[in-house]
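In our numbering, the protein residues as written are 155 to 539.
Glycine is no exception: its CB is placed at the ideal position from the N, C-alpha and C atoms.
Just so we're clear, the structure is a prediction, and the values are computed from it rather than from any experiment.
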């Protein structure tokens, strides 16, 4: 814990990651000041339809923004004039940039407007107003920029060797395309202006209060009440689960902001991998659900996966025509039917110690969802749309 009187800028501060980041910074730096920013309330509500897809009861830890050390200033990345008050007379030690439109249902032009051009707008002001010899810039990307890499296989275990940060870009969906292009903007400012940036690439994020992504999968499993769990053969084809607890994500971001060695580098932020089939079986047990394990030869699994994705695309198309959203976005279906395995060795080698592993993190998260009525039970009567 440090008592340095540092000043931080956190955008996306009303989101899942943003609220946890503000909380962690206040714990690490008791005497700090945080300028927190996000869209005005009405604008955010109109844009973030993903957050109320299943229920309007869900919310983030917005009370953390009421701390006396936090100054909230509403702003819009797509409107540079609204960003100017964030920098008026302020010299930041670290700028944390988790703000993005994270929505697999959003169209590419909107994702580019917010994620790519919005980041450019922010960085233009950073370069105009900040001491580039002092300020650190921590940029949130995603492991999704890699897509499904061409893996090598461990000769002893026969399983895939997780891809590291040198894997080439191959984004599989519009959101990941926008995040790749966003990274390129950050790299442009690093090269042209000497911006001291670090890029972090989180795996799919989970944790208490999360309302999109992993939460949707847990909720759908709970509502279905029964699952058929594929056990893939040969075993070397078993899928891995990429995930990161939101606490470890923000702790890793703060850790990297304090390391000069991290300047100009990119880091995967991801738990040690576990097998997808083990995780799904364990989740069913935690939720008290019935399930059947079905052995599946890999070529058959791939065929079934393609059918699942095809059905997902048909439902996506139908939902768009009706002005609605599907319950599960197509890229979410791909996360549980494709091999996304990434290494955290680079982060560990720098000295970061994870606070959670997959099992302890998801146990805490599932218990929290049940305790707070975010997963339907006979006792809480949660309404799911």
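How many whole angstroms separate the CB atoms of residue i and residue j, which I take to be in contact at a CB cut-off of 8 Å?
i, j, result
"residue 329", "residue 480", "Going by Cβ atoms, the distance from residue 329 to residue 480 rounds to 15 Å, so no, they are not a contact pair."
"residue 314", "residue 495", "5 Å"
"residue 349", "residue 286", "6 Å"
"residue 228", "residue 191", "7 Å"
"residue 253", "residue 196", "Contact flag wrong, Cβ pair sits at about 17 Å."
Just to confirm my understanding: we take residue i, look at its own chain, exclude 5 residues before and 5 after, and list those with CB closer than 7 Å. What are they?
i, result
"residue 497", "316, 317, 318 and 422"
"residue 519", "360, 361 and 362"
"residue 334", "299, 323 and 325"
"residue 223", "180, 186, 187 and 188"
"residue 246", "161, 162, 163, 284 and 289"
Measuring only the C-alpha atoms, how far is residue i from residue j?
i, j, result
"residue 530", "residue 376", "7 Å"
"residue 336", "residue 347", "16 Å"
"residue 292", "residue 514", "27 Å"
"residue 499", "residue 251", "23 Å"
"residue 482", "residue 370", "7 Å"
"residue 236", "residue 266", "19 Å"
"residue 216", "residue 488", "31 Å"
"residue 243", "residue 414", "26 Å"
"residue 397", "residue 358", "5 Å"
"residue 456", "residue 476", "30 Å"
"residue 493", "residue 305", "9 Å"
"residue 368", "residue 504", "28 Å"
Taking DSSP's pairing of strands, which residues face residue i in a bridge?
i, result
"residue 449", "385"
"residue 401", "DSSP, once it has assigned bridges, lists no residue as partnering residue 401."
"residue 294", "354"
"residue 191", "165 and 227"
"residue 360", "399"
"residue 249", "163 and 291"
"residue 496", "317"
"residue 394", "429"
"residue 420", "353"
For residue i, which residues from the same chain have a beta carbon less than 8 Å from its beta carbon, with the 5 sequence-adjacent residues on both sides left out?
i, result
"residue 450", "384, 385, 386, 387 and 458"
"residue 219", "167, 168, 173, 176, 190 and 226"
"residue 509", "399, 401, 402 and 405"
"residue 440", "516, 517 and 520"
"residue 258", "327, 328, 329, 483, 484, 485 and 486"
Taking Cβ positions, are residue i and residue j nearer each other than 8 Å?
i, j, result
"residue 512", "residue 425", "yes"
"residue 171", "residue 400", "yes"
"residue 179", "residue 408", "yes"
"residue 255", "residue 275", "no"
"residue 231", "residue 272", "yes"
"residue 490", "residue 382", "no"
"residue 279", "residue 239", "no"
"residue 356", "residue 436", "no"
"residue 307", "residue 406", "no"
"residue 389", "residue 309", "no"
Within a Cβ cutoff of 6 Å, which residues of the same chain sit near residue i, ignoring the five residues on either side of it in sequence?
i, result
"residue 277", "343"
"residue 303", "317 and 321"
"residue 248", "162, 290 and 411"
"residue 444", "380"
"residue 395", "428, 430 and 433"
"residue 416", "352 and 410"
"residue 523", "529"
"residue 466", "484 and 487"
"residue 262", "328"
"residue 469", "480"
Can you confirm whether residue i, when its beta carbon is compared against all beta carbons of chain C, has any partner nearer than 8 Å?
i, result
"residue 193", "This model lacks chain C altogether; it includes just one protein chain."
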